[in-house]
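Structure first, then comments.
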Amino acid sequence: MEGIRSITHADVKGRTVLVRADLNVPMDGAKVSDATRIDRFAPTVKILANRGARVVILSHFGRPDGKPEMKYSLRPITGALAEALGEPVKFIADCAGDATAAEVASVPYGGVAVLENVRFHPGEEENDPKFAQKLASLGDFYVNDAFSCSHRAHASMHALAAYLPAYAGPSMMAEIEALSAALVIPQRPVAALVGGAKVSSKIAVLEHLLNRVDVLIIGGGMANTFLLAMGHNIGKSLAEPAYADKAREIIAAANARGSTIVIPVDATLGEAFTPGARNWVENVGSLSGEGLILDIGPRSVEDLTARLNTCRTLLWNGPLGAFEIEPFGQGTFEVARAAARLTKQGRLITVAGGGDTVSALNAAGVTDDFTYVSTAGGAFLEWLEGKDLPGVAVLKQSFKASLEGQSWRA
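Numbering-wise, the numbering used here puts 692 at position 361 of the sequence shown, and it's gapless, one number per residue.
Structural data, given as structure tokens:
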């Protein structure tokens, strides 16, 4: 990507490369329960190690509040990384100081080490330059391969990049390029599907997307607030009446711009928010007010599928219904499968992100069929809001300074 250096272009043989990863993975006791992030990161480690670098990995895990708490140690996660690599990985019981430096120096070139949780030091979340300098003293290059953490101005994500030549890792580059393809330089028409429970958490996203997409699809519980704003009888369904005026403003803004805003035309209702609850379909124009709206209906699925057939790019954040509860995932699953079919046919570029979105696509069995699925949560959402991510911004600053023969400080 323009303005950011990729570590794949650097000569790292015989050098120590500090790589910021996101190893904040789900655990079941002492075992990793979802290794998706580790599996995506492992190729970066292999590339650097195979090119003769000493690879030293930095990460956080959990919220230890600036002091050591062994339940947040990266030791068990180091074992999972070693398994993914098929190679031994050294665990170092701190991430700064003379003892850590000696341990790092003992790792051979082509070898890999994981430092202990950077959040065991208060300087990490304080973005403390002194702590960043201690980290920098351990290596020759800095690599950010953790887009999912790049919305945080923490020392290992931000300040550290001021003290070493700073690069993006392959996983980071792939994420930035995929997101840029969806909004910055997209193939049009572009559709954005925004779902989830609460419209209040997506206002900034919707306002940012309005000026960048051709079709804005509203789904999930947040669609109920739009239906309420349009005068429909949603009964006791989840909604945020305080945001009804904002929903009307968004509809008006879309109409003024000439964009298409899509609200469900029918809904699947349930007697209760429980698996197997009695359920039925109603058109939104004649909602009875009985039951709870828990999914879009079959006509809405047909409508969305037809619209996707006319688009070239789809950006997806948030499910269309309560997909975790059977049978209220059908709307999400059917639209996801339609998008996946179009992607496999080469007719649609599909980029999706957000924790619930990834879970929904996994449940639909289509994750591997989308063009790109981001494992980032908060960073993905802030990117959708149009915010500058600190971890990305510093890579651009570092590259610019290198071209000008200057140094800079975060």
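All C-beta atoms, glycine included, are put in the ideal place defined by N, C-alpha and C.
The structure presented is a predicted model; accordingly, all values stated were derived computationally and were not measured.
Let me make sure I understand the geometry here. Which of the options has the alpha-carbon closest to that of residue i?
i	options	result
Met504	Ser337, Gly684, Ala732 and Thr688	Ser337
Gly601	Asp576, Gly628 and Ala584	Gly628
Ala523	Val546, Asp370 and Glu716	Val546
Asn614	His340, Asn564, Phe462 and Val525	Asn564
Gly442	Thr698, Trp611, Gly684 and Arg346	Arg346
Ser468	Glu633, Asn458, Cys426 and Glu455	Cys426
Glu474	Phe372, Leu514 and Ala513	A small fix is needed here, since residue 474 is Val in this sequence, not Glu. Looking at the Cα atoms, Phe372 is the closest of the given residues.
Glu328	Asp429, Leu349, Ala670 and Leu645	With the chain covering only 332 through 741, there is no way to say anything about residue 328.
Glu418	Gln728, Asn381, Ala424 and Arg450	Asn381
Glu455	Val348, Leu569, Gly393 and Met401	Gly393
Asp700	Ala432, Leu673 and Leu720	Leu673
Gly552	Gly662, Leu466 and Ala535	Gly662
Asp459	Ala486, Ala415, Arg450 and Leu466	Ala486
Leu635	Glu665, Gly660 and Lys675	Glu665
Thr556	Gly589, Pro595 and Asn542	Pro595
Ile369	Ile507, Pro407 and Lys731	Pro407
Pro572	Arg588, Ala554 and Ala587	Ala554
Val682	Leu651, Ser729, Pro517 and Ala424	Pro517
Gly562	Ala578, Glu400 and Gly550	Ala578
Ser390	Asp359, Leu466 and Leu379	Leu466
Ala567	Gly550, Gly622, Arg609 and Leu639	For the record, residue 567 in the displayed sequence is Lys; it is not Ala. For Lys567, the nearest C-alpha among the options comes from Gly622.
Asp359	Lys402, Ile378, Gly334 and Leu379	Lys402
Pro399	Leu379, Ala411 and Phe451	Phe451
Leu639	Trp611, Gly677 and Glu657	Gly677
Tyr440	Asp429, Ile378 and Gly550	Ile378
Within 10 Å of its beta-carbon, does residue i have 16 or more other beta-carbons around it, so buried, or fewer, so exposed?
i	result
Trp647	buried
Trp714	buried
His340	exposed
Val544	buried
Leu605	The sequence as given places Thr at residue 605; Leu does not occur at that position. With fewer than 16 other Cβ atoms within 10 Å, it is exposed.
Lys759	This structure gives no information on residue 759, because the portion of the chain shown stretches from 332 to 741.
Ala587	exposed
Asp597	buried
Ser729	buried
Gly526	buried
Val515	exposed
Ser631	buried
Gly470	buried
Ala430	exposed
Gly550	buried
In chain order, what residues of the same chain lie with their CB nearer than 8 Å to the CB of residue i, ignoring the 5 residues before and after it?
i	result
Ser733	Arg336 and Pro496
Asp576	Ala560
Pro357	Val363, Ser364 and Asp365
Thr641	Pro520
Leu541	Leu547, Ile581, Ala584, Ala585, Arg588 and Ser590
Gly428	Lys465
Taking Cβ positions only, does residue i come closer than 8 Å to chain C?
i	result
Ala490	Going by chain labels, chain C is absent from the structure shown, which holds only one protein chain.
Suppose contacts are defined by Cβ-Cβ distances below 8 Å. Is residue i in contact with residue j by that definition?
i	j	result
Thr706	Gly649	no
Ser404	Asn448	yes
Ala509	Tyr703	yes
Ala667	Ala637	no
Ser532	Tyr574	no
Ile592	Ala603	no
Ala653	Leu625	yes
Phe472	Val343	yes
Ala535	Glu414	no
Leu537	Ile581	yes
Leu645	Leu679	yes
Ala512	Leu569	no
Gly607	Glu657	yes
Phe659	Thr698	no
Short of 7 Å in beta carbon distance, which residues of its chain neighbour residue i, apart from the five on each side in sequence? Order them along the chain.
i	result
Ala741	With a pLDDT of only 46 at Ala741, under the threshold of 50, the placement of this residue in the model should not be trusted; the figure read from the coordinates follows. If we look at Ala741 and ignore the five residues flanking it on each side, its Cβ neighbours are His489, Ala490, Ala492, Ala493 and Val725.
Thr367	Thr706
Ser617	none
Gly813	Nothing can be reported for residue 813, as the shown portion of the chain is limited to 332 through 741.
Ala411	Val363, Ala366 and Ile369
Pro374	Pro501
Going by beta carbon distance, what residues of the same chain come within less than 6 Å of residue i, once the five residues before and after it are set aside?
i	result
Thr409	Val420, Phe422 and Val445
Pro721	Ala484 and His489
Gly397	Pro453
Gly424	Looking at the sequence itself, residue 424 is Ala, so the reference to Gly does not match. Around Ala424: Glu447.
Gly620	Asn564 and Gly566
Three or more C-beta pairs closer than 8 Å, one from the stretch 472-491 and one from the stretch 343-356: is that the case here? yes
Segment contact flag, the stretch 384-396 with the stretch 432-446, C-beta cutoff 8 Å, min 3 pairs: yes
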